[in-house]
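Under full-length UniProt numbering, the residues of the sequence shown are numbered 1 to 112, in order.
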Amino acid sequence: MSDLYAVADFCLIPMGTGRNSVAEEVAECQRILAQSGLTYKMHGYGTNLEGPWSQVSKAIHDCHAAVHAKGAQRIATDIRIGTRIDREIPVGQGNDLKVARVESILAQDPAK
């Protein structure tokens with residue numbers, strides 16, 4: 001079987017920086033993801049990321065390495081990864097299709 005297509009959400013939490021804000025570390029991760037060639041979208045408490053499982057895992061690894069290099073002594077990361085083999089996921093559209101499906105269901109609700 002080829003590399004599974006992964007739709008992921010991760011939240012990297014730097015510790016030991018001595019600051020309350022983690023915006024600099026989040027920005028560093030976004031730079032890493034921009035170089036990865038994967039589809040990603042930052043949100044308020046993490047980042048959606050999708051592509052081949054091995055590349056998604058490598059991108060999260062590279063974010064850890066970059067944030068450690070910026071001085072974080074510890075990092076905790078929450079990761080959720082979904083895969084499916086019952087149908088093809090168009091590359092880069094996994095997260096968008098999930099949202100669009102729910103929005104289409106909600107659009108059928110009667111007006112209140």
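Ideal Cβ placement from N, Cα and C applies to all residues, glycine included.
According to DSSP, residues forming a beta bridge with residue i
| i | result |
| --- | --- |
| V7 | E50 and G82 |
| H43 | G46 |
| T77 | L12 |
Contact under 7 Å by Cβ, residue i with residue j
| i | j | result |
| --- | --- | --- |
| A59 | L38 | yes |
| I13 | A72 | no |
| G16 | R80 | no |
| W53 | L97 | no |
| V7 | G82 | yes |
Where the alpha helix (DSSP H) containing residue i begins and where it ends
| i | result |
| --- | --- |
| V26 | A23 to S36 |
| V102 | G94 to A107 |
Three CB pairs or more closer than 8 Å across the segment 87 to 105 and the segment 23 to 34 | Too few Cβ pairs lie closer than 8 Å, so no.
Assess, as a yes-or-no matter, whether the segment 103 to 110 is touched by the segment 41 to 54 under the definition of 3 or more beta carbon pairs within less than 8 Å.
-> When C-beta atoms of the segment 41 to 54 are compared with those of the segment 103 to 110, fewer than three pairs fall below 8 Å, so the two segments do not count as touching.
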